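Enquirer: Numbering (our numbering), first residue to last: 93 to 536. Glycine is no exception: its CB is placed at the ideal position from the N, C-alpha and C atoms. Computed from a prediction, not measured in an experiment: that's the story for all the values here. I'd like to ask some things about the structure below.
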């Protein structure tokens, strides 16, 4: 079947219709509102049901399954552009060090533990299973649909074609389960007296449940830093992001020629290229004309389509084939994040431990937005300062996140999954020991 440019356009047109329908469902259906299910996730399910794996009404092009891997590069390229925040590591540690250490330890521990399980326990229970299977749970839980697609693409290039579908499955279940269980944790915290600034879910503003912002409460999504007579501000920001993405693919092509046996993640290269572009813009005095909010919203737009196409491209036959190991890892994954929530966070956070732990729980099972939702329920006016603290440490956590996401598939593919996983667990423990040394063990 020959592929035309209009086929690609129709893919996004069809998904846009599904996103519109999904938004209406989010507005009208109370059950969906109460579970805070993102419209992009609903659209993905609709595409799966109505597509060729379901009743066959919708037909996407054969390239649609590749969109998540491309869109994650767009997301990573948008992360740094327009960033003017300069924070020293020392000042961040002194002010919110516990937030940094506990969050970093959580991600390292989840990746490390599941990689070790994938290298030891899974092969004994399921002979012949791919050595990278365990890696896909944290790729989906901590990373979400984008990271699952990115790591899955790296593994697919090295012979494991089912990696993307498995990763998308973990990401979808993590997002749904993380939201549902997170709301239960909020209620438990309120009943036990762990939360300090709580309100009931049913008392949340209508804006959060429907996603519709009323007049008078709407916020600007950015500034017009460029006069439209020369180039539209959105075009300017989108062009910068696409320059970074294009440069990343060119760099990746060159690296494949120089190092054919090594696979480099394009999304990581896109972030590095955007950093280099930001430095160039700063040197030519154009950095003030890049609005961080605009570039962030372009990245968020890419994320919506990424999640929708990610779910839509999940191969149900693969999910059924790997049903038992998927179920086992999901059980271990949720057991890990719940244990971390009640055991580790309680002992290491100096203040508002439950609110901080809810945020980490959301990030560890889905995406940052889930962490914000859970925090908003427990802290409706953000009086705790937790959101600001996580915003401060994110500058440094994103570097750790990028390193883990980039290096994990390389080590696992090279047969070094077990020592690498143990090393991550060791680094997680080290983070907690440093946190204890600096701030002590807390008694809440």
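Residue 403 and residue 140 look like a contact to me (Cβ under 8 Å); what is the Cβ gap, rounded to whole Å?
Expert: At roughly 6 Å, the Cβ-Cβ gap stays under 8 Å, so residue 403 and residue 140 are in contact.
Enquirer: Looking at the structure shown, is residue 304 part of a helix, part of a strand, or coil, going by DSSP?
Expert: Note: residue 304 maps to coil in three-state DSSP.
Enquirer: Closer than 6 Å by C-beta to residue 513: which residues in its own chain qualify, once you throw out the five before and the five after it? Chain order, please.
Expert: Closer than 6 Å at Cβ, skipping near neighbours: 204, 207, 208.
Enquirer: Could you compute how far the alpha carbon of residue 415 sits from the alpha carbon of residue 371?
Expert: Roughly 47 Å between the two C-alpha positions.
Enquirer: In the structure shown, what three-state DSSP assignment does residue 128 receive?
Expert: Of the three classes helix, strand and coil, the one that applies to residue 128 here is coil, per DSSP.
Enquirer: On the three-pair Cβ rule with 8 Å, is the segment 419-431 touching the segment 501-516?
Expert: Taking 8 Å as the limit for Cβ pairs, the verdict is that the segment 501-516 does not touch the segment 419-431.
Enquirer: Could you tell me if residue 144 is buried or exposed, where buried requires 16 or more neighbouring beta carbons within 10 angstroms of its beta carbon?
Expert: Exposed.
Enquirer: Find out if the Cβ-Cβ distance for the pair residue 531, residue 439 is shorter than 7 Å.
Expert: No, Cβ-Cβ distance for residue 531 and residue 439 is not below 7 Å.
Enquirer: Based on Cα-Cα distance, which residue from 465, 481, 527 lies nearest to residue 278?
Expert: Nearest of 465, 481, 527 to residue 278, Cα basis: 465.
Enquirer: From residue 234 to residue 195, what does the alpha carbon distance come to, in whole angstroms?
Expert: If I take the Cα positions, the gap works out to 11 Å.
Enquirer: Between the segment 383-393 and the segment 326-337, are three or more C-beta pairs nearer than 8 Å?
Expert: Because the criterion of three Cβ pairs below 8 Å is met, the segment 383-393 and the segment 326-337 touch.
Enquirer: Restricting to runs no shorter than 4 residues, where is the alpha helix (DSSP H) found entirely within the segment 153-226?
Expert: If we require 4 residues or more, the alpha helix (DSSP H) runs fully inside the segment 153-226 come out as 159-172, 181-217.
Enquirer: Mind reading off the beta-carbon distance from residue 270 to residue 136? Whole number of angstroms is fine, and I expect it under 8 Å.
Expert: Not quite, the Cβ-Cβ distance comes to about 16 Å (not below 8 Å), so this is no contact.
Enquirer: Skipping 5 residues on each side, what residues in its chain have a beta carbon closer than 6 Å to that of residue 470?
Expert: Taken in chain order, the residues that qualify are 278, 287, 290, 447, 450.
Enquirer: Can you tell which of 126, 184, 99 has its C-alpha closest to the C-alpha of residue 150?
Expert: Comparing Cα positions, the closest option is 99.
Enquirer: Give the DSSP-derived three-state secondary structure of residue 406 in the structure shown.
Expert: Coil, per DSSP.
Enquirer: From the DSSP output, in three-state form, read off residue 96 for me.
Expert: In the structure shown, residue 96 sits in coil (DSSP, three-state: anything other than H, G, I, E or B).
Enquirer: Compare the beta carbon distance of residue 163 and residue 394 with 7 Å and say whether it is the shorter of the two.
Expert: Yes, they are a contact pair.
Enquirer: Closest to residue 482 by C-alpha separation, out of 503, 494, 455, 508, would be which residue?
Expert: Checked all of 503, 494, 455, 508; the closest Cα to residue 482 is 455.
Enquirer: For residue 202 versus residue 230, is the C-beta spacing smaller than 7 Å?
Expert: Yes, Cβ-Cβ distance for residue 202 and residue 230 is below 7 Å.
Enquirer: Give the secondary structure of residue 144 by DSSP, where H, G and I count as helix, E and B as strand, and everything else as coil.
Expert: Reduced to three states, the DSSP call for residue 144 is coil.
Enquirer: Give me the residue from 391, 253, 360, 265 with the minimum Cα distance to residue 332.
Expert: Residue 332 has its Cα closest to that of 391, out of 391, 253, 360, 265.
Enquirer: Given residue 83, which residues of its chain have a CB within under 7 Å of its CB, disregarding the five upstream and five downstream residues?
Expert: Summary: the structure shown does not reach residue 83, with the chain confined to residues 93 through 536, and so no result is reported for it.
Enquirer: Can you find a C-beta in chain C that's less than 7 Å from the C-beta of residue 377?
Expert: The structure shown contains no chain C, having only a single protein chain.
Enquirer: What residues in its chain sit with their C-beta under 7 Å from that of residue 190, if we drop five residues either side in the sequence?
Expert: Excluding residues within five positions, the ones whose Cβ falls inside 7 Å are 440, 441, 442, 527, 531.
Enquirer: According to DSSP, simplified to helix, strand and coil, what is residue 358?
Expert: Helix at residue 358.
Enquirer: Is it true that the CB of residue 360 sits closer than 7 Å to the CB of residue 494?
Expert: Yes; because the gap between Cβ atoms is below 7 Å, this pair is in contact.
Enquirer: Can you grab the Cα-Cα spacing for the pair residue 462 / residue 115, in whole Å?
Expert: Roughly 17 Å separates the two Cα atoms.
Enquirer: By the 10 Å Cβ neighbour count, where 16 or more other Cβ atoms means buried, how is residue 309 classified, buried or exposed?
Expert: Classification of residue 309: exposed, given that the 10 Å Cβ count is below 16.
Enquirer: Checking 7 Å against the spacing of the C-beta atoms, do residue 221 and residue 227 come in under that value?
Expert: Going by C-beta atoms, residue 221 is not nearer than 7 Å to residue 227.
Enquirer: Within a Cβ cutoff of 6 Å, which residues of the same chain sit near residue 119, ignoring the five residues on either side of it in sequence?
Expert: So the list reads 302, once near-sequence residues are dropped.
Enquirer: In its own chain, which residues sit with a C-beta less than 6 Å from the C-beta of residue 110, not counting the 5 before and 5 after it?
Expert: The residues are 135, 138, 139.
Enquirer: Going along the chain, which residues of its own chain have a beta-carbon closer than 6 Å to the beta-carbon of residue 314, five neighbours each way excluded?
Expert: Cβ within range, chain order: 383, 385, 386.
Enquirer: Helix or strand or just coil, what does DSSP make of residue 535?
Expert: Reduced to three states, the DSSP call for residue 535 is coil.
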